[in-house]
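> The opening position of the sequence shown corresponds to residue 1 in UniProt numbering, with each subsequent residue numbered one higher.
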Amino acid sequence: MAKVCDITGKRPRVGNNVSHANNKTKRRFYPNLHKKSFYVPEEDAWITLKVCSKALRTINKNGISSVLKKAQNEGYIIIK
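#1: Within this structure, are the beta carbons of residue 165 and Asn32 separated by less than 8 Å?
#2: Any idea if Val51 is buried or exposed, counting beta-carbon neighbours within 10 angstroms, 16 or more meaning buried?
#3: Between Asn17 and Arg28, how many whole angstroms is the CB-CB distance? I'm expecting something under 8 Å.
#4: Per DSSP, what kind of secondary structure is Lys24 in: helix, strand or coil?
#5: Ile47 bridges to which residues according to DSSP?
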């Protein structure tokens, strides 16, 4: 399962763990993903998306339909 947000396209980032002795080892910073079901009234259907917390806030603010259109235009999601 890819750790990528369906709406914003956020992916894991790479960084370092830094110890008290300033030793650095590689690590990954994962997006805060949630698997959520949304009702789309235009299609009269439920869809399941993997979305990060920022995308949930955007959906609450703008509505699922406009967010899906924008994500499709940016190429993050393919709607048939």
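Even for Gly, the Cβ is constructed at its ideal location relative to N, Cα and C.
So, from the data block:
#1: Because the chain in this structure spans residues 1 to 80, residue 165 falls outside the shown range and cannot be described.
#2: buried
#3: The Cβ separation is near 10 Å, so there is no contact.
#4: strand
#5: Phe38
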